[in-house]
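S.K.: Counting from 1 along the sequence shown, just add 182 to a position and that's the residue number in the working numbering. Backbone N, C-alpha and C define an ideal beta-carbon position, used for all residues, glycine too. Can you keep this structure in mind? I'll have questions shortly.
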Amino acid sequence: MSVSEVPPWVAARLGARAPGRGVQEVLRTLGSHPRQMSYASVQEAAGLAEVNPATVVRAAQLIGFTGWPQLRAEVRSRYLSLLSASEVLQEHGEAQGAGESAVRQDLHNLRDLGTLLDEDQLARVAAIIMAARTTLVLGSGSFAAPGLQLAHLTQTLGHDVRLERAGGTALLNAFAMLREGDALVIFHLWRTPGDLLQIAGLARDRGVRLVVVGDHARPGITALADEFVMVPSEGASMFPSLVPTVTVVQAVVAAIVAADPGAATRATDAADELWRDFGLFPRDKDGLLPEVQ
Numbered sequence: 183m184s185v186s187e188v189p190p191w192v193a194a195r196l197g198a199r200a201p202g203r204g205v206q207e208v209l210r211t212l213g214s215h216p217r218q219m220s221y222a223s224v225q226e227a228a229g230l231a232e233v234n235p236a237t238v239v240r241a242a243q244l245i246g247f248t249g250w251p252q253l254r255a256e257v258r259s260r261y262l263s264l265l266s267a268s269e270v271l272q273e274h275g276e277a278q279g280a281g282e283s284a285v286r287q288d289l290h291n292l293r294d295l296g297t298l299l300d301e302d303q304l305a306r307v308a309a310i311i312m313a314a315r316t317t318l319v320l321g322s323g324s325f326a327a328p329g330l331q332l333a334h335l336t337q338t339l340g341h342d343v344r345l346e347r348a349g350g351t352a353l354l355n356a357f358a359m360l361r362e363g364d365a366l367v368i369f370h371l372w373r374t375p376g377d378l379l380q381i382a383g384l385a386r387d388r389g390v391r392l393v394v395v396g397d398h399a400r401p402g403i404t405a406l407a408d409e410f411v412m413v414p415s416e417g418a419s420m421f422p423s424l425v426p427t428v429t430v431v432q433a434v435v436a437a438i439v440a441a442d443p444g445a446a447t448r449a450t451d452a453a454d455e456l457w458r459d460f461g462l463f464p465r466d467k468d469g470l471l472p473e474v475q
């Protein structure tokens, strides 16, 4: 099979391996029908490539994916990342109702996420954060939102996890504070600014553990990451959905609790006591809470 017959990213993953004819057709179809393959079931993908479903699974595994759902998520994310926000809107066509469309899309995303999540990997990510003296969390624009959740909840559990939203010298200063054994978590969704990717490239040289939560497993970033957690991210309208990514954050936090429930309990009890001493939350006597009927 000529390298020119498959997308460059597929050729890079394939390397010098020579696939059989059926697998060749699947890999070629990823390039010739990217839109159709990006949302096809395994049976539909087999029909497009004119092979059987087992061959589609073998093709996915040959280029480093666990199966078709993971490869399909990669193809879909790569396809959507080439589109502008307005083109993504056109891709979704006429909405049947904003709320209904959003819920339906995220139910689909969560079903896909269920096939992608690896319990052992979640435990490894939790261990990286727990072992780090400091963890720096990065995400661009709205993609910082799951980072805020991760930082806040893990701080409540007693870990020094910091979200950095600034760029330029502030970002570099925050990164420079990391030491060997510390951790860097990057949310790498849709389109990621170059400065975040450059920071990822510096992590290994400094002995910083890198965790990437992303919707496309590009070799450059996956080769750098100690752990790459794949998530679907397609939204119902113009912009990516963060629901699967937030779910992954919840799962990582749960894995941290499960790894040492005693430490988690002590940390949250201490946080509760501090909040109570500070009078952080209003009490019924202040007349701010609704009446209990």
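With DSSP as the reference, label residue 446 as helix, strand or coil.
M.R.: helix
S.K.: Excluding the five sequence neighbours on either side, which residues of its own chain have a C-beta within less than 7 Å of the C-beta of residue 445, listed in chain order?
M.R.: 340
S.K.: DSSP state of residue 434, grouped into three classes?
M.R.: helix
S.K.: When you compare the stretch 431-442 with the stretch 309-328, are there three or more beta-carbon pairs, one atom per stretch, that lie closer than 8 Å?
M.R.: yes
S.K.: Looking only at its chain, what residues have a beta carbon closer than 8 Å to the beta carbon of residue 401, apart from the 5 residues adjacent to it on each side?
M.R.: So the qualifying residues of the chain are 191, 194 and 195.
S.K.: Can you name, in chain order, every residue of its own chain whose Cβ lies under 8 Å from the Cβ of residue 412, other than the five neighbours on each side?
M.R.: 252, 255, 256, 298, 396, 397 and 399
S.K.: Report yes if the CB atom of residue 316 is closer than 8 Å to the CB atom of residue 364, and no otherwise.
M.R.: yes
S.K.: Within the same chain, show all residues whose beta-carbon is closer than 8 Å to that of residue 338, passing over the 5 residues directly before and after it, in chain order.
M.R.: Within the same chain, residue 338 has close Cβ partners 449, 450 and 453.
S.K.: For the alpha helix (DSSP H) containing residue 420, list its first residue and its last residue.
M.R.: First-last for residue 420: undefined, no H or E at that position.
S.K.: Starting from the Cα of residue 308, find the closest Cα among 410, 406 and 288 and give me that residue.
M.R.: 410
S.K.: Out of 246, 228 and 323, state which residue places its alpha-carbon closest to the alpha-carbon of residue 238.
M.R.: 228
S.K.: Looking only at its chain, what residues have a beta carbon closer than 7 Å to the beta carbon of residue 336, apart from the 5 residues adjacent to it on each side?
M.R.: Cβ neighbours of residue 336 beyond the five flanking positions: 311, 343, 435 and 438.
S.K.: Considering only the alpha carbon of each residue, which of 369, 370, 407 and 189 lies closest to residue 384?
M.R.: 407
S.K.: Rank 216, 208, 222 and 205 by C-alpha distance to the C-alpha of residue 290 and give the top, closest one.
M.R.: 222
S.K.: Look at the Cβ atom of residue 415, then the Cβ atom of residue 283, and state whether they are nearer than 8 Å.
M.R.: no
S.K.: When the Cα atoms are used, what is the spatial distance from residue 390 to residue 376?
M.R.: 19 Å
S.K.: To which residues does DSSP link residue 320 through a beta bridge?
M.R.: 368
S.K.: What residue range does the alpha helix (DSSP H) around residue 359 cover?
M.R.: Unbroken run through residue 359: none, as it is neither H nor E.
S.K.: Have a look at residue 184 and residue 419 and give me their C-alpha separation to the nearest angstrom.
M.R.: Legend: pLDDT at residue 184 = 47, less than 50; position of this residue unreliable, value from coordinates given subsequently. Cα to Cα, residue 184 sits roughly 37 Å from residue 419.
S.K.: Residue 379 lies in the alpha helix (DSSP H); which residues open and close that run?
M.R.: 376-385
S.K.: Of all the alpha helix (DSSP H) runs that stay within the bounds of the stretch 187-227, which reach a length of 4 or more residues?
M.R.: Annotation: the stretch 187-227 contains the following complete segments of the alpha helix (DSSP H) (minimum length 4 residues), in chain order: 190-196, 203-214 and 216-219.
S.K.: Alpha carbon to alpha carbon, what distance is there between residue 331 and residue 360?
M.R.: If I take the Cα positions, the gap works out to 21 Å.
S.K.: Return the first residue and the last residue of the alpha helix (DSSP H) that residue 254 is part of.
M.R.: 250-263
S.K.: Just the Cα atoms here: how many angstroms apart are residue 459 and residue 329?
M.R.: The straight-line gap from Cα to Cα measures roughly 28 Å.
S.K.: Give me the Cβ distance between residue 188 and residue 217, rounded to the nearest whole Å; I'm assuming they're in contact under 8 Å.
M.R.: Going by Cβ atoms, the distance from residue 188 to residue 217 rounds to 16 Å, so no, they are not a contact pair.
S.K.: Start and end of the alpha helix (DSSP H) containing residue 296?
M.R.: Residue range 280-298 is occupied by the alpha helix (DSSP H) that includes residue 296.
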